[in-house]
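Before any comments, here is the structure.
4 protein chains.
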Amino acid sequence: MRFFSDNAAAAHPKVIEAIIASNRVDTAYDGDAWSEHLDGAFSELFETEVRAFWVATGTAANCLALAALCPPYRGIICHKDAHIEVDEAGGPGFYTGGAKLMLLDGPGAKLTPQAVAAECDRIRNDVHQVQPAAVSITNATEYGLVYRSAEVAALGQLAKERELALHMDGARFANALATTGERPADATWRAGVDVLSFGFTKNGGLNAEALILFRTELADEVAVRRKRAGHLLSKGRMLAAQILALLEDGLWLDNARAANAAAQILAQAAGDRLVYPVEANELFLRAGDEEAASLRAQGVDFYEWGPGQIRLVTSWDSDSRSVDRLATAIAAL
Amino acid sequence: MRFFSDNAAAAHPKVIEAIIASNRVDTAYDGDAWSEHLDGAFSELFETEVRAFWVATGTAANCLALAALCPPYRGIICHKDAHIEVDEAGGPGFYTGGAKLMLLDGPGAKLTPQAVAAECDRIRNDVHQVQPAAVSITNATEYGLVYRSAEVAALGQLAKERELALHMDGARFANALATTGERPADATWRAGVDVLSFGFTKNGGLNAEALILFRTELADEVAVRRKRAGHLLSKGRMLAAQILALLEDGLWLDNARAANAAAQILAQAAGDRLVYPVEANELFLRAGDEEAASLRAQGVDFYEWGPGQIRLVTSWDSDSRSVDRLATAIAAL
Amino acid sequence: MRFFSDNAAAAHPKVIEAIIASNRVDTAYDGDAWSEHLDGAFSELFETEVRAFWVATGTAANCLALAALCPPYRGIICHKDAHIEVDEAGGPGFYTGGAKLMLLDGPGAKLTPQAVAAECDRIRNDVHQVQPAAVSITNATEYGLVYRSAEVAALGQLAKERELALHMDGARFANALATTGERPADATWRAGVDVLSFGFTKNGGLNAEALILFRTELADEVAVRRKRAGHLLSKGRMLAAQILALLEDGLWLDNARAANAAAQILAQAAGDRLVYPVEANELFLRAGDEEAASLRAQGVDFYEWGPGQIRLVTSWDSDSRSVDRLATAIAAL
Amino acid sequence: MRFFSDNAAAAHPKVIEAIIASNRVDTAYDGDAWSEHLDGAFSELFETEVRAFWVATGTAANCLALAALCPPYRGIICHKDAHIEVDEAGGPGFYTGGAKLMLLDGPGAKLTPQAVAAECDRIRNDVHQVQPAAVSITNATEYGLVYRSAEVAALGQLAKERELALHMDGARFANALATTGERPADATWRAGVDVLSFGFTKNGGLNAEALILFRTELADEVAVRRKRAGHLLSKGRMLAAQILALLEDGLWLDNARAANAAAQILAQAAGDRLVYPVEANELFLRAGDEEAASLRAQGVDFYEWGPGQIRLVTSWDSDSRSVDRLATAIAAL
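Residue numbers (this note's numbering), protein chains in the order written: chain A, 1114 to 1446; chain B, 1114 to 1446; chain C, 1114 to 1446; chain D, 1114 to 1446.
This is the structure in structure tokens:
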């Protein structure tokens, strides 16, 4: 029973169909109808003109975004548990040419305007100290919490005042919106987000993420940086087709709702064990070594998350029998 | 009728099957059975122990290879028409951290030991001038010529004497071997090649290339660099499965033979128009503006290649009726 | 009365003499007798064969050292208050090509083996997390504390066990040794230090630092990196001559002793106000806003160091009347 | 008799005096009166508002300029014999983060608008090929030729049309102006130059170059990049003082005229042996091995410049007796 990561989930059948449908089409790179339709599809979704780029991984999406928003000699404020800091092998340093991640603490891997402002104030404004150029937040966060639009807007307001760009790592953006029911526009550009990494791979895609530029003037640079990083696939149509399949009829939201619903079932069973409220598809549970071992013995696959905690992740294809069995097992601990 | 690039070819049905077969398997990154089998499969093919990494593009394969072989402060000798110089948006500069491509001329985009030696001799051995660390050749070349193993070995010998690493960009390695009938081992490590970018995307894959390290001690570094560049796909199994499907029963060679055979039919028709002998699946023809226009009017899609020349590329799935029609059209020019 | 930084101190008269003496000598870069003597002079001082490079700034020395010890895709463990983190404008990120500084806390900006080991243990050994390659310590530290050789050796031992290189930022190495009376060899390579940034600019030099490689095999790379960074001065003889003038007859130690002695006079006067023991030439004092203003009104120039603290720095040329007047002023607060 | 490089020339006595005069002044970095006066002094010289930065080497000046004018993913058009390509150890690749030098040929290391335009036209305007962002010319060139203002203006006009920035490496800018008698403004910004590396080290300075920004909005970025590269010297006053001493009463022009005059004496003697007209302080002479050996035997120190050629460089302090002796020796060959 796979609960270790939504990374490992299957691609949705419609995604597979879309890949097959785009196979025998004589186009190279992003010269195909699917790729060319991305700008339009996302502009409609976000109710404003955007530029949209497919890439194959979230790391690529995040790092291209940060390189476009932060010069090599400045910094990016983020949470110390952010994926860009912890799990991308230093990719931001590589893509930006040595920009600095400036790490903040805070519960649930959330940033607050107060914390960001304090960090800015702490930095002497001279050439000896690296000055921040951007803020990066993750929604849903690494601990499964969701920023409401008002929270993003408060950060966006501060970013504007401090002349910082705002990036959102939305590897689980779908799960966040499935929870809040907010409009994509409200959760992003209307709240001050400049660039969004919009995740599809964990949510029914095979290997497709969308990099959404609300500042469309960055598109030329991002296009070149994508190629230069080896992320312009020859048959890019297969990436674009996946994304469009997931956008169609709101499949991306349906998938996210399914994952979130499975998480709620487990949350119910976990009760007081929960370290954080469950707002998306990740659960962090207090569980001793023996308890963890007991779950494993019942065939549950998950990550330990520091001493005495485990992480469970549901996904769009979490099998309901497995979820129920796991819920029972948790309740019985 | 697509003759503008093998980049745009369809994926082979067996490749699509393999992607589907690997879809519902609960593994992340390269923790799956397909990925884990790559080292073994390529070690068998190359008759020696190798380390093999999947990546999604040839640019990524080439640039990771070069970054592993050349420090930021040295250079890579290559042909002035090499893909790494002309068509990768400066990716080698990005991945290596600013290493220099040192450009040689020579017919058919081929390097010779004499030219490489002369370039080395030209460089003063002091700290003011960038010293070369590697040589990169392309096989088949950008003009569709094929290095025989003895030619590679002569370059390999020189590289060894000059303490240079040797990289082979094998985006069309299959087409080269389909022509020579040589063993993969003879064409690579036995001839002194340290790292090979082994192309599958143009040859029946959807988006999969293999980076083959004959110097296995580079594997740890390459693994980290791949992740750091955003090229460690979450569901890497889909890349590995493609490659294994193409390796199985020599499908990769069958595909390349089909592409080469189609090229030979066109070559026959082209006769004196050929700028280079046709040794793989690319043809460069002398054709005036009106002649080019005439072909286009008959539905042939191709690139112009400088004034008075056109490039035609066949692929594994070149449709025989189209090939015959094009051959007739060329003969009739 | 200058107490804000030893950075601003004058060059020693013998240093000026040496610059003049080396002026009319027909050599370029480091082809002069002074530069060529550096290896020998430092090998004698350190009682082992070393390679020594002059550079014009401490930032250049530190960053060249780190680039030689840490590849772009790994990290350097250092204190969160280290100069390389706080005051070099992200230079380490630039020189290394994006390596990560891994920040530890600890009193007086000192690292302990326990803290370093804990940081190493915290990092998952996989390709997603950046792995450390080096440790960098500062001696004397940013808070004027001095590592004894045994402390360095404990860090050196740990570094060896963990396969980490060890760098020492010795911008105030002279002040440290003037306090401990230890042999340079004991404080560095015998304790496991691989590369030392040996500061002279704050200690009587005009603009000269020495980068000392105890791992002599790094010399070729460092020589190239120095040139590439624009740090190979045309008339490098003027840097080498400065350093040799300071090494002669132990002038460097005399200068450091003078600075330290001045600091002790102030420390005596400061008594309970001291935040840290005074082990070199820096003092951190508790002082309220009015107290700080009172000192300023008496003509003392210094930095505030966070709320309620001030920093005073003595130097080789601290004028004894100024020191006595400041001591009196502090005692009278 | 030193004729191998003006790099090795002595510093002018007034420069040494200025260094001494600035020694005992309590300022750090560029907080001193000399540094603060640079903007004003150069604004007056160039008859427009400029921002001026001291650095210690020409490589640093050039590379900082190029990094400010060209993003990592674009290119800089220059001559294949330009110092930035041949003699800076790949510094431009390092500082820009991997931008590409695009090499043109042409007699005397001069660029022409025709050649630059042809290079631009050769590049497909897509994401696969690196697009140029800047042009860099050297005045006087590596072969001692001088661009007249009208020539620069023609390049400046083209650069503007193609939206390229224009950098001038003026390591021997003084020698160029000493020849043409043109106003500094006419030779630079009025002709379209955006950034000038203005050399002083070869012309009476000890180790001081000025980076002149005619586009003053680049100043903040350059200031940070300078610090980050380790080129913000603690006692920067000693660099500023050198430059101001050379600017005073036109000493820089006097020095350059002296060097040029010495070169003319040698040119006279060399007659038909000259490979290029002598327009500054460098001479390239045809001389066989025996002839070169004969000069060496008479105590002349110089570089061979490929087979059958030698390079002679005069400087501000070329001793007239040596010049006359060398002239006689050349005439006698």
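Glycine is no exception: its CB is placed at the ideal position from the N, C-alpha and C atoms. All figures in this text were calculated on a predicted structure; none of them were measured in a lab.
- With fewer than 16 neighbouring CB atoms inside 10 Å of its own CB, residue 1153(A) falls in the exposed class.
- Annotation for residue 1283(C): the continuous beta strand (DSSP E) segment containing it runs 1278 to 1283.
- Positions of the alpha helix (DSSP H) runs, each at least 4 residues long and wholly inside the region 1261 to 1340 of chain C, are given as 1262 to 1274, 1286 to 1293, 1297 to 1300 in order along the chain.
- Just so you know, the alpha carbons of residue 1239(D) and residue 1416(B) end up roughly 14 angstroms apart.
- Contiguous beta strand (DSSP E) elements confined to the region 1211 to 1267 of chain B occur at 1213 to 1217, 1244 to 1251, taking only those with 3 or more residues.
- If you check the CB distance, residue 1320(B) and residue 1127(A) do not come in under 8 angstroms.
- For residue 1380(B), no beta strand (DSSP E) segment is defined; the enclosing uninterrupted segment is the alpha helix (DSSP H) at 1364 to 1383.
- Residue 1337(C) belongs to the set of residues whose beta carbon lies under 8 angstroms from a beta carbon in chain B.
- Residues of the region 1338 to 1351 of chain A with a C-beta less than 8 angstroms from any C-beta of chain B: 1340, 1341, 1342, 1343, 1344, 1345, 1346, 1347, 1348, 1351, listed in chain order.
- Nearest Cα to residue 1141(A) within the set 1268(D), 1210(D), 1241(D), 1289(D): 1241(D).
- With contacts defined as CB atoms closer than 8 angstroms, residue 1192(D) and residue 1224(D) qualify as a contacting pair.
- Neighbourhood of residue 1416(C) in chain A, by CB distance below 7 angstroms: empty, with the nearest CB roughly 10 angstroms away.
- Across the set 1151(C), 1246(C), 1214(C), 1176(C), the C-alpha of 1246(C) shows the shortest separation from the C-alpha of residue 1184(C).
- Chain B has no Cβ within less than 8 angstroms of the Cβ of residue 1260(C).
- Per DSSP, the unbroken alpha helix (DSSP H) holding residue 1207(B) starts and ends at 1204 to 1209.
- By a beta-carbon distance limit of 8 angstroms, residue 1129(B) contacts residue 1133(A). Their separation comes to about 6 angstroms.
- When the alpha-carbon of residue 1144(D) is set against those of 1131(D), 1166(D), 1125(D), 1410(D), the nearest one is in 1166(D).
- The region 1297 to 1307 of chain C makes contact with the region 1260 to 1279 of chain C, as at least three CB pairs between them are under 8 angstroms.
- Per DSSP, residue 1168(B) is one residue of the beta strand (DSSP E) stretching across 1164 to 1168.
- Contact of residue 1213(C) with chain A by beta-carbon distance below 7 angstroms involves 1203, 1206.
- Around the Cβ of residue 1174(B), a 10 Å sphere holds 16 or more other Cβ atoms; the residue is buried.
- Not a single C-beta of chain B is nearer than 8 angstroms to the C-beta of residue 1307(D).
- The shortest CA-to-CA distance from residue 1162(B) to any of 1137(B), 1309(B), 1326(B), 1410(B) is the one to 1326(B).
- For residue 1120(B), the residues of chain A that pass the 8 angstroms Cβ criterion are 1141, 1142, 1347, 1348, in the order they occur in the chain.
- Residue-level contact by beta carbon holds for residue 1137(C) and chain D, with a gap shorter than 8 angstroms.
- Going by C-alpha positions, residue 1280(A) is about 11 angstroms away from residue 1328(A).
- DSSP places residue 1200(B) outside both helix and strand once states are collapsed to three, so it counts as coil.
- Residue state for residue 1344(C) is assigned as coil, using DSSP reduced to three classes.
- Along the region 1218 to 1234 of chain A, none of the residues has a CB nearer than 8 angstroms to a CB of chain D.
- Under DSSP, the beta-bridge partners assigned to residue 1395(C) are 1426(C).
- Look at the region 1314 to 1333 of chain B: the residues with a C-beta under 8 angstroms from a C-beta of chain A are 1314, 1315, 1319, 1320.
- A distance below 8 angstroms separates the beta carbons of residue 1338(C) and residue 1181(C).
- Take the alpha-carbon of residue 1270(D) and the one of residue 1221(D): they are about 22 angstroms apart.
- With a threshold of 16 other beta carbon atoms within 10 Å, residue 1390(B) falls short and is exposed.
- Contact with chain D is absent for residue 1246(C), since none of that chain's Cβ atoms lies less than 8 angstroms from the residue's Cβ.
- Scanning chain A for C-beta atoms nearer than 8 angstroms to the C-beta of residue 1187(B) yields nothing, as the closest lies near 19 angstroms away.
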